[in-house]
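So in the working numbering the end of the sequence shown lands on 380, straight run, no missing numbers.
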Amino acid sequence: MTIRLCSAALLLTLFNAVAKSSLCVLFSPICLLYCALFEFLLAGVASMVLMTVNASWHYGTLLTAANVALLTGAATDCVFLLLRLCGIATTAVPPVVPIAVSFALLALFLWNGYRKATRTAVRTYSVHSAKLKRPYAVAFVSDVHYGHPIGAEKLRRDVAALNALSPDIVILGGDITDDYTAKEQMREAYAILGQIGSKTVFVYGNHDRQGNAHHAHGKQYTEQELTDAIAQAGIEILQDRAIRIGEDLAVFGAGCPDRPRTEKERPAVAATPGTFLLIADHIPYGAERNLAAGADLQLSGHSHAGQLFPNRPIWRCAGYRIYGEYAIGNGRLIVSSGLGLWHVPFRTNGRSEIALVRLEPEA
C-alpha cells in the first residue's frame, strides 16, 4: 500500500510539475497565486471525498495520491510566488528547477504523513470535578481500523504503550476493525488487545460490524464471531449501559447502533447524584444531548482529526467538533484523532494517538 501510494503520488506530481514548469518561473505573481489556490481547492475536494465515501483501497490510494500531488503543486507555486514577491528574478531559472522543488516537497509531504501515521503519541488531558474523591487515569483509543494499513506490529507497540501508562480503565472507542478486515485479522486484533493489563471496555463504532462491507468484499465475520473474540480477550462490551469504576466514577457506553435511532429509541443517560459520569460514544456529534442529560465528560473518536489536510479546517468551519477538547454547557467533550487510519497509511492532519484523560478532584 505504501509503495503504491508513493508511486502514484510521484507520477501525478511529475505530470503536474512538468505541465507547470514554465508557469512557476515566467508567469506573474497573481497567476501563481490563483494556481496555488485552485490546486489547494482540488486537494480539499479529494480529501473530503476520501474521508466520506466507502470505496476500494485502490480508489482511496488514488485520491490520497491526488491530494498529496495537488498540495505539493500548490506549495511549489507558493515557493516561486514568494521569490517573485521578494524581488528575486526567476526568469533565468531552468524549467527543471520547479520539477526538482516539487519532488523535494513531495518527499517532505510523504515522510511527514507516514511518520504521523506510524508513530503513536500520547495526548494528555486533565479534567477536574468536585464529584471525584480520588484521581483516575482513563486511556481512550479508537479508530484502529485493523488489518490494512494497521497491522500486528504497530498494535503490539500501542498495547505496550498503554500498559506503560497503567490506567485505571482502557476504553476501546469503536472502529477497532473495519469493513475490509478479514475474520482472522479481527481475531488477531482482539488477541493482541487482550494483552492490555488494565480493565478494558469496548463500544461499537460504525465499522466494527461491517455494515458497509458491500462496498468492500462482503462481510468477513458475523456479529457473534466478533462478540466471541472480544469476550475471549477479556474485554467487556458496553452497549447502552454503565459500569462503575470506584464509588465516584461511572462509565456509560453508547456505541453506534446498526441503524440511526429515533429520539424515542435513544438510551436513557441518567447521572447518579454525586457520581462523575463519563460517556464513551464513538461519534462526537451528539455530545450536546449526552451532556445535557447529566454526563460530565464524553470521549469520542470517528473523525480521525480529518486525517488529510485540509479536512480539519474545512470541517471546523462547517461547525463540526472533530478533534481536541470542547466545553459544552457544564460538561466537556474530548475527541481523539484515533490510533489508526482509514484507507491509507498516511495522515497530514493530526497524528495517531492514545488519549490519556486524568480525572482529578477539585482542589
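Cβ atoms here follow ideal geometry from the backbone N, Cα and C, with glycine treated the same way.
Once DSSP output is grouped into helix, strand and coil, what is the label at residue i?
i	result
Lys150	coil
Ala312	coil
Gly303	helix
Phe293	strand
Glu240	helix
Met173	The sequence shown places Arg at residue 173, rather than the Met named in the question. Residue state, collapsed to three classes: helix.
Val96	helix
Arg142	Per the sequence shown, the amino acid found at residue 142 is Tyr instead of Arg. DSSP places Tyr142 in strand when its eight states are reduced to three.
Ala206	helix
Tyr76	helix
Phe32	helix
Leu356	coil
Ser24	helix
Ala109	coil
Ala199	coil
Ile247	helix
Ser317	strand
Please work out which residues of its chain come closer than 7 Å, Cβ to Cβ, to residue i, disregarding the five sequence neighbours upstream and downstream, and give them in chain order.
i	result
Asn366	Ala322, Gly323, Gln324, Leu325, Phe326, Asn328, Arg329
Thr141	Leu373, Arg375
Ala384	Residue 384 lies beyond the range of the chain shown here (18 to 380); nothing can be said about it.
Arg173	Ile209
Thinking residue i and residue j are a contact (beta carbons under 8 Å), I'd like their distance in whole angstroms, please.
i	j	result
Gly191	His299	3 Å
Val361	Thr78	6 Å
Arg261	Ala267	5 Å
Glu370	Ser143	Incorrect: roughly 16 Å between the Cβ atoms, too far for contact.
Leu269	Thr81	Reading off the sequence shown, one finds Phe at residue 269, where the question assumed Leu. Not really, about 36 Å apart at Cβ, beyond 8 Å.
Cys41	Phe97	4 Å
Ile252	Thr244	Ile252 to Thr244, Cβ: 10 Å. No contact.
Leu314	Arg338	The pair is not a contact, with the Cβ atoms about 14 Å apart (cut-off 8 Å).
Gly303	Gly272	Going by Cβ atoms, the distance from Gly303 to Gly272 rounds to 12 Å, so no, they are not a contact pair.
Tyr131	Gly263	Actually they do not touch by this definition, with Cβ atoms about 41 Å apart.
Could you spell out the range, first to last residue, of the alpha helix (DSSP H) harbouring residue i?
i	result
Ile261	In the sequence as displayed, the identity of residue 261 is Arg instead of Ile. Premise fails: Arg261 lies in the beta strand (DSSP E), 256-261, not in any alpha helix (DSSP H).
Glu342	Taken as a continuous stretch (DSSP letters only), Glu342 belongs to no alpha helix (DSSP H), being part of the beta strand (DSSP E) at 341-345.
Phe126	113-135
Leu67	46-69
Ile331	328-334
Can you find the residues in the same chain that come closer than 8 Å, C-beta to C-beta, to residue i, ignoring five residues on each side of it along the sequence?
i	result
Ser215	Ala156, Leu179, Asn180, Ser183, Pro184, Asp185, Ile186, Val187
Glu379	His145, Ser146, Ala147, Leu149
Glu305	Ile345, Gly346
Phe57	Leu87, Leu88, Ala91, Pro327
Val176	Ile209, Leu210, Gln212, Ile213
Asp265	Lys148, Leu149, Lys150, Arg151, Gly291, Thr292, Phe293
Terminal residues of the continuous beta strand (DSSP E) containing residue i?
i	result
Glu370	370-378
Lys216	216-219
Arg349	348-352
Ala267	266-271
Leu325	Premise fails: Leu325 is in no beta strand (DSSP E) and is neither H nor E.
Val429	An answer regarding residue 429 cannot be provided, because it is not within the stretch 18 to 380 covered by the chain.
Excluding five sequence neighbours on each side, which residues of the same chain lie with their C-beta closer than 6 Å to the C-beta of residue i?
i	result
Gly357	Asp160, Val161, His162, Ile167
Cys52	Asp94
Ser317	Asp298, Pro301, Val352
Under 8 Å between C-beta atoms, does residue i make it to chain C?
i	result
Ala117	Judged by its chain identifiers, the structure shown contains no chain C, having just a single protein chain.
For this session: For the region 105-121 and the region 37-49, state whether three or more C-beta atom pairs, one from each stretch, are separated by less than 8 Å.
Result: Using a Cβ-Cβ distance cut-off of 8 Å, the region 105-121 and the region 37-49 are in contact, since at least three pairs of beta carbons, one from each stretch, lie closer than that value.
Problem set entry | Inter-stretch contact (C-beta, 8 Å, three-pair minimum) for the region 41-55 and the region 93-101 | With a cut-off of 8 Å on Cβ pairs, the region 41-55 is in contact with the region 93-101, counting three or more such pairs.
Problem set entry | Segment contact flag, the region 334-350 with the region 54-73, C-beta cutoff 8 Å, min 3 pairs | These segments do not touch.
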